[in-house]
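Accompanying notes for the structure given below.
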Amino acid sequence: MKAVVITTPGDPEVLQLQEVQEPVIKDHEVLIRVAATALNRVDTLKRKGMYELPSGDTPYLGLECSGIIEAIGKNVTDWKIGDQVCALLYHGGYAEKVAVPAAQLLPIPPGVSLKDAASFPEVACTVWSTVFMTSKLSAGETFLVHGGSSGIGTFAIQMAKYQGARVFATAGSEEKLAACKDLGADIVINYKTEDFVARVKEETAGKGVDVILDHVGASYLQRNIDSLNVDGRLFLISIMGGANAEVNLNSLLTRRLTVQGARLRFRSPEMKAEIIREVEKNVWPAIGAGKVKPVVYQYFPLAEAAAAHRVMESSKHIGKILLCP
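Numbering (my numbering), first residue to last: 684 to 1008.
And the structure:
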């Protein structure tokens, strides 16, 4: 088969389409012929050699995909050859075929094309597990997502709105703010020209929001804490703005705040399987009802993975970028 290989750590040009060995499935896995895979920011870090791959992992990028099952392991009973699926991967989506644990498969969401379904697994599992399973965002509460025009952000806005929350989103351009509005955000904030803490306080009568989903990390930590309501919950999913920060812990004590963090990549297989089940139960109906839709910015052939990475690193995109073998 063909796969995109990192020839050496570096700029996007190091991504090359090459002939490689097909994956061999284990008893609990299926083999998928990939229809599409989606880019995630971590792919660019792996390409640069800035993200350590666990021992034994394939060097091929890609944390999610959609496609058709071509083979099944002997212990797989819930799926059959020919099923159309999308999947949360450990790695390997930038290829014509990929082996996936059967427990990490989802059916194609109702009303979504086979290719566009590749835009959902990573964002749906990340947002549902953090904002809803852990932070317990509920109807009538307020929610702030940073990077509202990103793949995570565009999904989080729609899902939080569907669940009955009042949604705040930050973004860095008028085009991106407009996109967040169109997806259902109630309040949009240009983080380049506005103080998001002041705006949040202004729009909540000084209380702050109940839940924040953040990928920035250190440079936003104190400001996120300052933006939370009593009993507020902050969930960190990345540290693009740094890993080390100094904070005033007094506000956590006086307002009973919770700060948590996790990366989906490091969840156990059992936890990933549980998240997959919860996503199918709670998110897929929202997609079927047309309340949550795929947001795809651009499609690229697999051979143009370098061009796709350049678009991602430009940060001009809104939603997901897909590679299609």
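All C-beta atoms in this analysis are idealised placements derived from N, C-alpha and C, irrespective of residue type, glycine included. Please read all numbers here as calculations on a predicted model, not as lab measurements.
- A Cβ-Cβ separation of about 12 Å leaves Val688 out of contact with Gln704 under the 8 Å criterion.
- Look at the beta carbons and you see the stretch 743-750 touching the stretch 770-777: at least three pairs across the two are nearer than 8 Å.
- Contact between Phe851 and Leu827 holds, since their C-beta atoms are separated by about 4 Å, short of 8 Å.
- In this structure, Leu896 lies near Val814, with their beta-carbon atoms less than 9 Å apart.
- Following the DSSP letters along the chain, one finds Gly750 inside the beta strand (DSSP E) bounded by residues Glu747 to Ile755.
- In terms of CA proximity to Thr809, Met842 leads the group Gly794, Asn927, Lys798 and Met842.
- Cα atoms of Met954 and Thr760: separation of roughly 20 Å, rounded to the nearest angstrom.
- In the DSSP assignment, Tyr980 falls outside any alpha helix (DSSP H) and within the unbroken beta strand (DSSP E) covering Val979 to Pro984.
- Tyr845 is the residue among Ala807, Gly830, Glu805 and Tyr845 whose C-alpha sits nearest the C-alpha of Ala822.
- As a beta-bridge residue in DSSP terms, Asp897 pairs with Leu919.
- Within the stretch 911-963, the runs of alpha helix (DSSP H) at least 4 residues long that lie entirely inside it are, in chain order, 933-938.
- Thr690 counts as exposed, since fewer than 16 other C-beta atoms from the protein chains shown sit within 10 angstroms of its C-beta.
- Across the set Asn907, Arg948 and Met923, the C-alpha of Asn907 shows the shortest separation from the C-alpha of Thr941.
- By a beta-carbon distance limit of 8 Å, Gly830 contacts Thr853. Their separation comes to about 7 Å.
- The three-state secondary structure of Leu866, taken from DSSP, is helix.
- For Ala721, the uninterrupted beta strand (DSSP E) segment begins and ends at Glu712 to Ala721.
- In the DSSP assignment, Ala782 is bridged to Leu714.
- Annotation for Ala988: Val687, Leu698, Tyr777 and Leu1006 place their beta carbon closer than 7 Å to its own, counting only its chain and skipping 5 residues before and after.
- Ala800 and Glu996 have their C-alpha atoms spaced approximately 23 Å apart.
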